[in-house]
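**Q** Note that the working numbering has the sequence shown beginning at 232, numbered continuously upward.
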Amino acid sequence: MISENEIWLLSYYRSSEIVGAMFFGRIARLLRPGPVQADVMQHFADEAQHARWFTECMESMDVTPVKLPVAYQDDYLATAGVPTNFMEVLSITQAFEKRILNTYAQHLKADTTPSPVRRTLERIMRDERWHVQWVRQTLRDLEPQYGKETIERTLQRHMDADRETYGRFLQEHSERVEFLARAKGAA
């Protein structure tokens, strides 16, 4: 019903969601109470929930998640650099969340994607779309503080780092994710 490669990839998604939850939990602790902290806390809660949903999805298919020593974000931060301020946190988050949405959408296009995985991805993607929206709006709200051009340059730098990181991911794990390349409409 589910291939070993898809089990690995779901485990990888799960691991990345756990890392994301931990990251946003730490960021939430640093922020002053208010609307932005509330959005960060919602993001934190969503990421933890997504990891749980991936776990439940896999368990519903009688498979156990694989414990992985690394997550996507590990290589991501090595390429993009560690954010030095909140605007950079949001910028790298924007690039990452867009990548996740695109990856999950590509996964949905694969003919071999089991129904429980399909339902889980669709459920998670609703939250991921909101993540992109709140981050985009908060970056706009930060323009008076950081400058629109600075934010745009930072976003471009993180989008470039994202392309580089994703390219390495595809190369390093090509045998694990090749079924995504065969998905309907793959670019």
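Beta carbons are placed, not taken as given, at the ideal position from N, Cα and C, and that holds for glycine.
Quick check on the burial criterion: 16 or more other C-beta atoms within 10 angstroms. Buried or exposed for Ser234?
**A** Classification for Ser234: exposed.
**Q** What residue does the alpha helix (DSSP H) around Gly251 start on, and which one ends it?
**A** First-last of the alpha helix (DSSP H) with Gly251: 235 to 261.
**Q** Taking only the alpha-carbon atoms, compute the straight-line gap between Gly251 and Met272 and give it to the nearest angstrom.
**A** So the alpha carbons of these two residues sit roughly 12 Å apart.
**Q** Just to confirm the assignment: which complete alpha helix (DSSP H) runs, minimum length 4, are found wholly within the region 260 to 341?
**A** Listed in chain order, the complete alpha helix (DSSP H) runs (minimum 4 residues) inside the region 260 to 341 are 266 to 291, 303 to 311, 317 to 340.
**Q** Determine whether the beta carbon atoms of Ser246 and Leu299 lie at a separation below 8 Å.
**A** Cβ distance < 8 Å, so Ser246 and Leu299 count as in contact.
**Q** Check whether the region 301 to 311 touches the region 375 to 392, taking contact to mean three or more Cβ pairs, one atom from each stretch, closer than 8 Å.
**A** Result yes; three or more Cβ-Cβ pairs closer than 8 Å.
**Q** In angstroms with no decimal places, state the Cα-to-Cα distance between Leu373 and Asn316.
**A** Between Leu373 and Asn316, the C-alpha separation is close to 12 Å.
**Q** Apart from the five residues just before and just after Ala418, which ones in its own chain have a Cβ nearer than 7 Å to its Cβ?
**A** Because Ala418 sits at a pLDDT of 47, beneath the cut-off of 50, its placement in the model cannot be relied upon, and the following sentence gives the value as read from the coordinates. Taken in chain order, the list of residues that qualify is empty.
**Q** According to DSSP, is Glu385 part of a helix, a strand, or is it coil?
**A** Rather than Glu, the amino acid found at residue 385 in this sequence is Thr. Of the three classes helix, strand and coil, the one that applies to Thr385 here is helix, per DSSP.
**Q** Work out the CA separation of Asp270 and Arg462 for me, nearest whole Å.
**A** Only positions 232 to 418 of the chain appear in the structure, and residue 462 is not among them; the question remains open.
**Q** Going by beta carbon distance, what residues of the same chain come within less than 8 Å of Thr295, once the five residues before and after it are set aside?
**A** Counting only Cβ-Cβ distances below 8 Å, and skipping sequence neighbours, we find Met289.
**Q** Does the distance from the C-beta atom of Gln325 to that of Arg357 stay below 8 Å?
**A** The answer is no: Cβ separation not under 8 Å.
**Q** Could you tell me the distance, in whole angstroms, from the CA atom of His362 to the CA atom of Asp293?
**A** C-alpha separation (whole angstroms): 30 Å.
**Q** Which residue marks the beginning of the alpha helix (DSSP H) containing Met356, and which one marks its end?
**A** Counting along the chain, the alpha helix (DSSP H) containing Met356 begins and ends at 346 to 372.
**Q** How long is the line joining the alpha carbons of Glu406 and Lys329, rounded to whole angstroms?
**A** Distance between the alpha carbons of Glu406 and Lys329 is about 24 Å.
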